[in-house]
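>
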Amino acid sequence: MSDVLTFGVSGLNCASCVGRAEAALAAMPGARDARVNLADHSARVSGVAASDVMRVMGDAGYPAELHRVELAVPGMSCASCVGRIEAAVRSVPGVVRADARLPTKTVVIEMLGPDAPVHAALRGAGYPADTSEKVRQIDSSDEVSALFRRFVFAGLLTLPIFLVEMGGHAYPPLHHWVMRTIGTTNSHLFQLLLTGIVLAGPGAGFFRRGFPNLLKARPDMDALVALGAGAAFWFSAFSVLAPGVLPPAGVYFEAAAVIVTLILMGRWLEARAKGRTGDAVRRLLSLRPEQAERVVDGGTEHVPLTNVVVGDMLRLRPGGRVPVDGVVVDGYSHIDESMLTGEPVPVLKQPCDQITGGTVATTGSLTLRATHVGEDTVLARITALTRDAQAARLPVEALVNRITAWFVPTVLVIATLTFVTWWALSGLAPAVVAAVSVLIIACPCAMGLATPMSVMVGTGRAAELGVLFHKGDALQLLQDAKAIAFDKTGTLTVGAPKLHDVAVAEGWHSEQVLTLAAGVESLSEHPLARAVVSAASGTPTQVDSFDAALGAGAVAFVNQQRVVVGNAGMLAREVVAVDPHLMAMADTWAQTGATVVHVAVEGTHVAALCIRDTVRDGARSAIAALTAQGHVVAMISGDTEAAAQHVARELGIETVVAGVKPDQKVQAIEDLRRQHGSVTFVGDGLNDAPALASADVGLAVNGATDAAIEAADVVLMSPEPAAVLRALRMSAATLRNIWQNLGWAFVYNTALIPVAAGILVPFGGPQLSPALAALAMALSSVFVVTNALRLCTKGAA
Numbered sequence: 015m016s017d018v019l020t021f022g023v024s025g026l027n028c029a030s031c032v033g034r035a036e037a038a039l040a041a042m043p044g045a046r047d048a049r050v051n052l053a054d055h056s057a058r059v060s061g062v063a064a065s066d067v068m069r070v071m072g073d074a075g076y077p078a079e080l081h082r083v084e085l086a087v088p089g090m091s092c093a094s095c096v097g098r099i100e101a102a103v104r105s106v107p108g109v110v111r112a113d114a115r116l117p118t119k120t121v122v123i124e125m126l127g128p129d130a131p132v133h134a135a136l137r138g139a140g141y142p143a144d145t146s147e148k149v150r151q152i153d154s155s156d157e158v159s160a161l162f163r164r165f166v167f168a169g170l171l172t173l174p175i176f177l178v179e180m181g182g183h184a185y186p187p188l189h190h191w192v193m194r195t196i197g198t199t200n201s202h203l204f205q206l207l208l209t210g211i212v213l214a215g216p217g218a219g220f221f222r223r224g225f226p227n228l229l230k231a232r233p234d235m236d237a238l239v240a241l242g243a244g245a246a247f248w249f250s251a252f253s254v255l256a257p258g259v260l261p262p263a264g265v266y267f268e269a270a271a272v273i274v275t276l277i278l279m280g281r282w283l284e285a286r287a288k289g290r291t292g293d294a295v296r297r298l299l300s301l302r303p304e305q306a307e308r309v310v311d312g313g314t315e316h317v318p319l320t321n322v323v324v325g326d327m328l329r330l331r332p333g334g335r336v337p338v339d340g341v342v343v344d345g346y347s348h349i350d351e352s353m354l355t356g357e358p359v360p361v362l363k364q365p366c367d368q369i370t371g372g373t374v375a376t377t378g379s380l381t382l383r384a385t386h387v388g389e390d391t392v393l394a395r396i397t398a399l400t401r402d403a404q405a406a407r408l409p410v411e412a413l414v415n416r417i418t419a420w421f422v423p424t425v426l427v428i429a430t431l432t433f434v435t436w437w438a439l440s441g442l443a444p445a446v447v448a449a450v451s452v453l454i455i456a457c458p459c460a461m462g463l464a465t466p467m468s469v470m471v472g473t474g475r476a477a478e479l480g481v482l483f484h485k486g487d488a489l490q491l492l493q494d495a496k497a498i499a500f501d502k503t504g505t506l507t508v509g510a511p512k513l514h515d516v517a518v519a520e521g522w523h524s525e526q527v528l529t530l531a532a533g534v535e536s537l538s539e540h541p542l543a544r545a546v547v548s549a550a551s552g553t554p555t556q557v558d559s560f561d562a563a564l565g566a567g568a569v570a571f572v573n574q575q576r577v578v579v580g581n582a583g584m585l586a587r588e589v590v591a592v593d594p595h596l597m598a599m600a601d602t603w604a605q606t607g608a609t610v611v612h613v614a615v616e617g618t619h620v621a622a623l624c625i626r627d628t629v630r631d632g633a634r635s636a637i638a639a640l641t642a643q644g645h646v647v648a649m650i651s652g653d654t655e656a657a658a659q660h661v662a663r664e665l666g667i668e669t670v671v672a673g674v675k676p677d678q679k680v681q682a683i684e685d686l687r688r689q690h691g692s693v694t695f696v697g698d699g700l701n702d703a704p705a706l707a708s709a710d711v712g713l714a715v716n717g718a719t720d721a722a723i724e725a726a727d728v729v730l731m732s733p734e735p736a737a738v739l740r741a742l743r744m745s746a747a748t749l750r751n752i753w754q755n756l757g758w759a760f761v762y763n764t765a766l767i768p769v770a771a772g773i774l775v776p777f778g779g780p781q782l783s784p785a786l787a788a789l790a791m792a793l794s795s796v797f798v799v800t801n802a803l804r805l806c807t808k809g810a811a
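Residue numbers for the sequence shown follow the numbering used here, so the first one is 15 and each next one is one higher.
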């Protein structure tokens, strides 16, 4: 295979750029034939790895463009296939990442250059990929229907075979009747014909996929089925058609037919059950309405959602679903945001409030201006995050993959030893039965599905609860958290300061002071200013000569009176004589972490305002629950020691690190890790991004900055601290489910393979027939999928 990498390049503007980019490529160890084309912004080079190209081009300022593609691989049938598909894709020059996903039968690839070589590599490995149509979901009705048709067809043909051959054991007169009417030879020919149709028709896929993989020394589950069913069929066929070739023995047509039929039944049941694992994504997609009501001159019109653009005015009526993200410009409505946050109580939306696509208006009508459409909406991002999370690879899968890589070859060795042993001890017929039973009962699928099925269902359920696992290993790492550290502002508190108390000088009234102060603050965008304005009953219309002092306050003429609003330093700057009583009250408030704003009118100190950030609803109960679970709860805040300690006392948090800068938050997390072990950090702001990235697991809450979300491992769509509990519950429930599945798969295979081989027979124990082995194997995967589906009800408070 050629090692030439051809890829797109960003940032090329002129011939000088081309020279610098070519020089960077040519300087790489082993690089040959480095070329950069300005016309189509592409480059090519030989002899180097794609990951090195990405690093070098990024450092040079001309990033290589990474191409992401998702391919459907219908032939992916078991855990063994996953490793082979990934190995084939990674052998292609330019591939940076390849993740095969057994539940969805897809492979996600990140690579430099076109994907044609990937298709060729997959075809060569025996797994042709399909991009001619949209990648199908695992529960697509055509797949389930096709499996059902194959199962029914095989069942209708297998039933008479089974009745003719085995019915006599349960009802001897049936056997005598068959022998009298058609005879033994015709009975066997009848079974041969029907079994041949079963294997060549509904069961053809096992042979079409299994034998080529076996010949390429890459045996998989289909190869085991093909060998088992094929051995039973051809042994029986030779016994009937060439009775002198083999020693006299019975026939096992019913075993071959039943094997195929029961395994098809198992795969049909499995596909039906798998379909439910995609419910979360389908429900998210269903939240997007097909149309929107756009406001136009003189009225409204209904337009397809794809026609809505940023800036459009849209009408939302009671019971309607918000079509896109936007901002309310007129009207009021209580919006059900449960799909977004998991919180059932509708939220009042009024002018200037942000509103999210997919939520529902319960009462009232409003008009909104579209701010984000298409793939830029919150709903689209949630859907994308959920899909990525469902395909996450957990650290535990590395062990499972190593086991499954050797599982099928090991089963072939065991089956061979079983055949040889029984042939030597009891003859050919018992040897065939025992070997076929071993081949059929082995089930790597159960092990291969154990982790991805639980991850798919668990992350889907978490998304319904407003918990989005942004990075794959967070699902496993979160359940190991020993210490949970919270940022204060915007995480444990609302992040929107509110007026809590007012102290006024003699002769003044609170409303009078607030009205004057609001007049000044109405011209400011500071959060403290908004708290004052929202607390006042109204603002004066005559405000002149506004002047802001950075970090201190502001002064303006309100109704022709000079009003100063700010901190104590602002009073000193404006040479205001302070009121001792007001200053004493201000000191008391400040000691409890409040922010104090002073008001002076015409040079007289007339009031002190106490402003606090409100603790979020449910924060105390959430902290108490975390502590009761054995977690060490800490607060890491950039706010003052007094403010942080006040909130900590209110919430029952004992470990507090206050007054720290972003880089110091990272050090605080390292200190917690040394003392307690794995640390989870919960934050929302730009200054939280370093801490979120340095923690073992970072949780960004709703409303977090893009930088915080990018650094986080988990995104909580609800700002309430209780969402952390939901994330922990889903992590623990999913990992518990994974270990249950792995335990079942391990016990099933280690216990039943020896039984199928006949290890209990010398001690008077049973030996499984091929038919029972097929039934056990078929139901083993169904058990794993069904157990994973129990996660659909987990995680709620």
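Think of the CB as a built atom: it goes at the ideal place given N, C-alpha and C, for glycine as much as any other residue.
(1) List the whole-angstrom C-beta distance separating Val-50 from Val-70, where the pair is believed to meet the contact cut-off of C-beta under 8 Å.
(2) Can you name, in chain order, every residue of its own chain whose Cβ lies under 6 Å from the Cβ of Ser-146, other than the five neighbours on each side?
(3) Answer with yes or no whether the minimum CB distance from Leu-126 to chain D is below 7 Å.
(4) Tell me which same chain residues have a C-beta within less than 6 Å of the C-beta of Gly-138, skipping the five on either side of it?
(5) On the DSSP letters alone, give me the boundaries of the alpha helix (DSSP H) that His-386 sits inside.
(6) Near Pro-541, what residues of its chain come up, given a Cβ to Cβ distance below 6 Å and the 5 sequence neighbours on each side ignored?
(7) Three or more C-beta pairs closer than 8 Å, one from the stretch 50 to 62 and one from the stretch 192 to 208: is that the case here?
(8) Quick one: what's Gln-368 bridged to in DSSP?
(9) What's the call for Asn-716, buried or exposed, on a 16-neighbour Cβ count within 10 Å?
(10) Got a sec, what are the start and stop residues for the alpha helix (DSSP H) Pro-768 sits in?
(11) Does DSSP classify Ala-648 as helix, strand or coil?
(12) Secondary structure at Val-149, three-state DSSP: helix, strand or coil?
(13) When every heavy atom of the ligand SAH is checked, does at least one fall within less than 6 Å of the C-beta of Leu-489?
(14) Can you tell me the Cβ-Cβ gap for Arg-687 and Val-696, rounded? I've got them flagged as a contact below 8 Å.
(15) Between the Cα of Arg-663 and the Cα atoms of Val-336, Asp-236, Lys-502, Arg-164, which residue gives the shortest distance?
(16) Take Asp-236 and list the residues in its own chain whose beta-carbon comes closer than 6 Å to its own, dropping the five residues that flank it on each side.
(17) Which first and last residues belong to the beta strand (DSSP E) in which Val-317 is found?
(18) Does the beta-carbon of Ala-718 have 16 or more other beta-carbons within 10 angstroms, so that it is buried, or is it exposed?
(19) On a CA-only basis, which of His-523, Ala-705, Pro-458, Leu-171 is nearest Met-822? Give me that one, please.
(20) In the DSSP assignment, find the beta strand (DSSP E) that holds Val-50 and state where it starts and stops.
(21) Around the Cβ of Lys-675, are there at least 16 other Cβ atoms within 10 angstroms (buried) or fewer (exposed)?
(22) Between the beta-carbon of Phe-421 and the beta-carbon of Met-649, is there less than 7 Å?
(23) Measure the alpha-carbon distance for Val-799 versus Gly-772 and round it to whole angstroms.
(24) Out of curiosity, what's the CA-to-CA distance linking Ser-30 and Asp-66?
(25) List the DSSP bridge partners of Ser-60.
(26) How far does the beta strand (DSSP E) with Glu-84 in it reach, from first residue to last?
(27) DSSP three-state call for Gln-305: helix, strand or coil?
(28) Looking only at DSSP bridge pairs, what is Ile-683 linked to?
(29) Can the beta-carbon of Ala-658 be found less than 7 Å from the beta-carbon of Ala-636?
(30) What residues are listed by DSSP as bridge partners for Leu-330?
(31) As a quick exercise: from Asp-326, Asn-321, Thr-602, Ala-582, pick the residue whose alpha carbon is nearest that of Val-310.
(32) By DSSP, does Pro-511 sit in helix, in strand, or in coil?
(33) Could you name the residues of the same chain whose beta carbon sits closer than 8 Å to that of Gln-575, not counting the 5 residues immediately before and after it, in chain order?
(34) Only counting runs of 4 or more residues, tell me where the alpha helix (DSSP H) segments fall wholly within the stretch 509 to 579, in order along the chain.
(35) Mind checking Ser-253: buried by the 16 CB within 10 Å criterion, or exposed?
(36) Counting along the chain, where does the beta strand (DSSP E) carrying Glu-124 start and finish?
This is what the structure gives:
(1) Residue numbering aside, residue 50 sits at position 36 when the sequence shown is read from its first letter. Residue numbering aside, residue 70 sits at position 56 when the sequence shown is read from its first letter. Between Val-70 and Val-50 the Cβ distance is about 13 Å, and since that is not below 8 Å, they are no contact.
(2) Residue mapping note: residue 146 aligns to position 132 of the sequence shown, counting from 1. Because Ser-146 carries a pLDDT of 40, less than 50, the predicted location of this residue cannot be relied on, and no value is offered for it.
(3) Judged by its chain identifiers, the structure shown contains no chain D, having just a single protein chain.
(4) Translated into the one-based positions of the sequence shown, residue 138 becomes position 124. Sequence-distant partners of Gly-138 (beyond 5 residues in either direction) whose C-beta falls short of 6 Å from its own C-beta are missing from its chain.
(5) As a first step, residue 386 is located in the sequence shown; it is residue number 372 there, counting from the start. First-last for His-386: 380 to 386, but that is the beta strand (DSSP E), not the alpha helix (DSSP H).
(6) Taking the first residue of the sequence shown as 1, we reach residue 541 at position 527. Cβ neighbours of Pro-541 beyond the five flanking positions: Pro-511.
(7) Contact between the stretch 50 to 62 and the stretch 192 to 208 is absent, because fewer than three Cβ pairs lie under 8 Å.
(8) Residue mapping note: residue 368 aligns to position 354 of the sequence shown, counting from 1. In the DSSP assignment, Gln-368 is bridged to Val-341.
(9) If you number the sequence shown from 1, residue 716 lands on position 702. Counting C-beta atoms within 10 angstroms of its own C-beta, Asn-716 has 16 or more neighbours from the protein chains shown and is therefore classed as buried.
(10) Position 754 of the sequence shown, counted from the start, is the residue given in the question as residue 768. Counting along the chain, the unbroken alpha helix (DSSP H) around Pro-768 starts and ends at 736 to 771.
(11) The residue labelled residue 648 in the question sits at position 634 within the sequence shown. Reduced to three states, the DSSP call for Ala-648 is strand.
(12) Taking the sequence shown and counting its residues from 1, one reaches residue 149 at position 135. Since pLDDT at Val-149 reaches only 46, below the 50 mark, its modelled position is unreliable, and the value read off the structure follows with that caveat. Coil.
(13) The ligand SAH is absent from the structure shown, which contains no ligands of any kind.
(14) Indexing the sequence shown from 1 puts residue 687 at position 673. Indexing the sequence shown from 1 puts residue 696 at position 682. So it is not a contact: roughly 15 Å between Cβ atoms.
(15) To locate residue 663, count along the sequence shown from 1; it is residue 649. It is Lys-502.
(16) Mapped onto the sequence shown, residue 236 falls at position 222. In the same chain as Asp-236, and ignoring 5 residues on each side of it, the C-beta atoms closer than 6 Å to its own belong to Ser-91, Phe-220, Arg-223, Gly-224, in chain order.
(17) In the sequence shown, the residue the question calls residue 317 occupies position 303. Where Val-317 is concerned, the enclosing beta strand (DSSP E) stretches over 313 to 318.
(18) Residue mapping note: residue 718 aligns to position 704 of the sequence shown, counting from 1. Confidence at Ala-718 is low in this model, with a pLDDT of 48, below 50, so the placement of that residue should be treated as unreliable; the coordinate-derived value is given next. Buried, by the Cβ-count rule.
(19) Since the first residue of the chain shown is 15 and the last is 811, residue 822 is not available in this structure.
(20) Start at 1 with the first residue of the sequence shown, and residue 50 comes out as number 36. In the DSSP assignment, Val-50 falls within the unbroken beta strand (DSSP E) covering 46 to 51.
(21) Counting from 1 along the sequence shown, the entry for residue 675 is found at position 661. By the 10 Å Cβ count, Lys-675 comes out exposed.
(22) Translated into the one-based positions of the sequence shown, residue 421 becomes position 407. Translated into the one-based positions of the sequence shown, residue 649 becomes position 635. With a cutoff of 7 Å on beta-carbon distance, Phe-421 and Met-649 are scored as not near each other.
(23) Within the sequence shown, numbered from 1, the residue matching residue 799 stands at position 785. Within the sequence shown, numbered from 1, the residue matching residue 772 stands at position 758. Between Val-799 and Gly-772, the C-alpha separation is close to 29 Å.
(24) Position 16 of the sequence shown, counted from the start, is the residue given in the question as residue 30. Position 52 of the sequence shown, counted from the start, is the residue given in the question as residue 66. Within the model, the alpha-carbon separation for Ser-30 versus Asp-66 is close to 22 Å.
(25) Numbered from its first residue, the sequence shown carries residue 60 at position 46. Answer by DSSP bridge pairing, in chain order: Val-18, Arg-46.
(26) Start at 1 with the first residue of the sequence shown, and residue 84 comes out as number 70. Element bounds for Glu-84: 80 to 86.
(27) To locate residue 305, count along the sequence shown from 1; it is residue 291. Reduced to three states, the DSSP call for Gln-305 is strand.
(28) As a first step, residue 683 is located in the sequence shown; it is residue number 669 there, counting from the start. Beta-bridge pairing links Ile-683 to no other residue.
(29) Stepping through the sequence shown from its first residue, residue 658 is reached at position 644. Stepping through the sequence shown from its first residue, residue 636 is reached at position 622. Contact flag unset, no.
(30) By 1-based counting over the sequence shown, the position of residue 330 is 316. Listed as beta-bridge partners of Leu-330 by DSSP are Leu-380.
(31) The residue you call residue 310 lines up with position 296 of the sequence shown. Nearest C-alpha to Val-310: Asp-326.
(32) In the sequence shown, counting from the first residue as 1, residue 511 sits at position 497. Three-state DSSP puts Pro-511 in a strand.
(33) Within the sequence shown, the letter at position 561 stands for residue 575. Result list for Gln-575: Leu-530, Val-615, Glu-616, in chain order.
(34) As far as the stretch 509 to 579 is concerned, its whole alpha helix (DSSP H) runs of at least 4 residues are 524 to 535, 541 to 549.
(35) Here residue 253 refers to the residue found at position 239 of the sequence shown. Answer is buried; the Cβ neighbour count reaches 16.
(36) One-based indexing of the sequence shown puts residue 124 at position 110. It spans 120 to 126 - the beta strand (DSSP E) in which Glu-124 sits, taken as one unbroken run.
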